[in-house]
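One structure is given below, encoded as C-alpha cells.
Numbering (this note's numbering), first residue to last: 725 to 1216.
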C-alpha cells in the first residue's frame, strides 16, 4: 500500500481529506445498518415460515417482530465501535504530528522524521510523507538562509567601507568595525544591540541630513563629506540607499562611507607635481633665455669678456633641466614595475663608488663621509642601490653645515640586511617626517630655490626600496642629526 502512495499531498487533497473521511464513515454506517435490516428481515421471514403451521405461532411471530428491531441496534453498536476504533487509529498519530509541527517552529530542536508503518491509514500515510517532505524543505531553506546570513555578516564585517543601517526612527540596527573605527575612539559591540541613535554616534550634520533626505525621498543619494578623526581630516564619499520590505514599504536606510582621502591626496599631489615641475623647468628656461639674450647683445656689441661666464650659467641650467627630466623618468620607470637586475655585490665597492660620484658632483662640499661595512655582500640591483646611497648622502650634504660627518653603514639583521645613512646635522622637525618621501617636498621651503636638486631624490629612494621588497624609514632628533634606515629582505 505504501508504495502506491503519492510523495506529496496536494493542497486540494488536504482540504478534502476531512470530508472524505466523513463520507467514508457515513457510507460504512449506512451499509452496516442496511445489512443488519436485511438480515433481520430474512431472519424474520424464515421464522414466520417455520412457525406458521404451529398452534399459537402468532404469539411467537409477535415476539420475533418485537425482537427483530434489536438486530439493527446491535449493528449500530458494532458500527459505532468500529467507528471509535477507526477514529482512535486516525487520532492516535495526531499528537505526534502536533508535537512535530510545533518542533518545526524551533529550529534548534530536532523533531526527527516520522516513520511509516504498514497498519497506518492511507490518509495519515499521505500526511506523513507530505510532513516529512515539508520538514526536509524547511531544513534545507533554514540551512541555506543560515549560510547566506553568515556569508553576509562576514562580508559586511570585512568591508573596508564603513557601513551603518538605521531604522526610520534613526536608531542604528547594524554597524561594522570600519564604522566604529571611523566614528568612535574605541570599538564597541553594543551600538546595534542597544539601537543607539545615529546622531549620538556621528557628530556630522551633513551625514544626518543626507540620511534623513533618503528617508523622506526614498531615493539613493551620494555626497562628498569630510569628518575629523584623531585630529586628522578624513574625506568620505557617502552613499545612502533606502531599504524596503518585499511589499515596497520603507523600513530603513543604509549608509556606505567610502574613504577617498587617498584619492584626494593623490589629486592634490598631482596638482602640486604639475606646479612644481612647471616651476622647476620654467625657472632654468627663463635663466637660459635671459643669458642667451645678454650673450647675443654682447656678441653684437663686440664684448666677449663675459661670454664664458654666460655659457657656464647656461650649461648649469641645462644640467638642472636634464637632472629633473632624468629623475622624473627614473621615478616613472620604478612605479611602472621595471625589472631589477639582482646580483651579489660588494657593499664596500658599491658604497665607495657612490660616495666618489657625490664628491665629484659637489667638489665644494667639505664633509667627512665614512663607509662601514659589517655585511660584506648583498643580493641587490647594484645600480639602483648605488643611486639610493648617492641620493641619501646628497640629501645630507644639502642640509647639514660644513665639517659635519656622514656615515654609510651596512649591517646584518636576522631577517635581512640594513643600510643606514646618518649625519650629525640639525635634524628634521617632526611635522616634516611624514611627508619627507613625497615628490618635490622640501623641509625648508624658504630655501627651496637655493638648494640644488630636483626634489625627487627621497621619492626615488622609497620606490627603489619597494621594488626590492623592502622599506625605508627616517629617524631624526633636532640638534643631533638624522638617520635613514633601508631594510632589505634576505635572499640567502
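We treat Cβ as the ideally placed atom computed from N, Cα and C, and that holds for glycine.
Listed in chain order, the non-local C-beta contacts of residue 996 below 7 Å within the same chain comprise 1164, local neighbours out to five positions each way being set aside. In the structure shown, residue 1140 adopts extended strand secondary structure according to DSSP, grouped into three states. According to DSSP, residue pairing for residue 965 in a beta bridge involves 978. Counting C-beta atoms within 10 angstroms of its own C-beta, residue 1111 has 16 or more neighbours from the protein chains shown and is therefore classed as buried. Only residues of its own chain outside the window of five on either side were considered, and among them 1041, 1044 and 1045 have a CB closer than 6 Å to the CB of residue 1008, listed in chain order. Beta-bridge partners assigned by DSSP to residue 1205: 1201. Collapsing the DSSP output to three states places residue 903 in a helix. In this structure, DSSP gives residue 908 a state outside helix and strand, which the three-state scheme calls coil. Only residues of its own chain outside the window of five on either side were considered, and among them 1151 have a CB closer than 6 Å to the CB of residue 1202, listed in chain order. At the C-beta level, residue 1015 and residue 1030 stay beyond 7 Å of one another. Taking the C-beta atoms as reference points, residue 1106 is found no nearer than 7 Å to residue 1068.
In this structure, DSSP gives residue 957 an extended state, which the three-state scheme calls strand. A direct Cα-to-Cα measurement between residue 1021 and residue 1027 gives close to 8 Å. Spanning the alpha carbons of residue 1113 and residue 1132 requires a straight line of approximately 8 Å. Following the DSSP letters along the chain, one finds residue 1002 inside the alpha helix (DSSP H) bounded by residues 985-1025. If you ignore the 5 residues before and after residue 1078, its C-beta comes within less than 6 Å of the C-beta of 1110, 1113 and 1114, all in its own chain and listed in chain order. At a Cβ-Cβ threshold of 7 Å, residue 977 and residue 964 count as neighbours. Bounds of any alpha helix (DSSP H) do not take in residue 1101; it lies within the beta strand (DSSP E) bounded by 1101-1104. Per the coordinates, the alpha-carbon of residue 1097 lies some 44 Å from the alpha-carbon of residue 958. The residues 887 and 900, in chain order, have a CB closer than 6 Å to that of residue 880 in the same chain once the five nearest residues on each side in sequence are set aside.
Boundaries for residue 944: no beta strand (DSSP E) harbours it, and the DSSP string shows neither H nor E there.
For the pair residue 928 and residue 902, the CB atoms are not nearer than the 7 Å cut-off. Within the same chain, Cβ atoms closer than 7 Å to the Cβ of residue 1128 are found at 1091, 1147, 1148 and 1149, the five residues on either side in sequence being excluded.
The beta-bridge partner set that DSSP reports for residue 1213 consists of 1140.
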